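See below for the structure under consideration.
In this note's numbering, the protein residues as written are 167 to 445.
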């Protein structure tokens, strides 16, 4: 028992720079208190003392602001930072070294008695206010951004953001930039990304819009080529095509630079053809 408590306290030092000493952590971290209350209530639940287990969990909710159903299964070194407003459902399963922040809900989407809450694998980090709903699986070391709403499985090592949550970064498409290397070094040092998201994470919506703009530019070029061909045949249709009139030249310049970067990245990702291959 005391070994687990010491382990819990050490996990706080590893993931919260505000922690100063063991006595402070022991007495002022409601997230830890909620976990310790849950271990007691979960033991009662396994002994089939259901009412008493629920009563203990209710007392824990009054004291800590964290609601953990006594039927939930929680691994080692689980850390709830700040704690207030966290809800963990009956059939939720949480692995080792998982971190969640205030306002997180691991909820169900079914009235069925069976499995209806999420399963979090080892090393998962869930940012403040995120909702993970249904009997889905969050892969190892996955990150869920603050206020995201997750309704589908999340692959291992992926970062998801938004409503509904979309993959912003995955292990298969991880960047190799200096920023990413620096973040990886920090992650190795601290074991997690604070709040599961940072300012340099790519925005999947912005990426999709950028690709649509690239496609529009390609269509504009094709229309221009068709206009030239029609003019050579004696027609005159180009005058009917309005020019794009945007006063914000900085936006145009930034969009053009972004398009060039995306084009370079796509060229790098395309496999080089061998001499025997033909177009």
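Where a beta carbon is used, it is the ideal one built from N, C-alpha and C, also for glycine. Just so it is clear, the structure is predicted and the values come from calculations on it, not from any experiment.
In the three-state reduction of the DSSP assignment, residue 275 falls in the coil class. Contact between residue 204 and residue 234 is confirmed by a C-beta separation of about 4 Å, below the 8 Å threshold. Rounded to whole angstroms, the separation of the alpha carbons of residue 430 and residue 271 is 40 Å. In the DSSP assignment, residue 265 falls within the beta strand (DSSP E) that extends over 265-267.
The C-alpha of residue 380 lies about 56 Å from the C-alpha of residue 193. Counting the other Cβ atoms within 10 Å of the Cβ of residue 382 gives fewer than 16, which makes it exposed.
The way I'd put it, the stretch 213-220 doesn't touch the stretch 239-249; fewer than three beta-carbon pairs between them come closer than 8 Å. Closest in C-alpha terms to residue 262, from the list 275, 241, 280 and 273, comes 241. Secondary-structure assignment with DSSP links residue 246 through a beta bridge to 266. For residue 388, the three-state secondary structure derived from DSSP is helix. Note on residue 309: 16 or more other CB atoms within 10 angstroms of its CB, so buried under the neighbour-count rule. Residue pairing by DSSP places residue 327 opposite 332 in a beta bridge.
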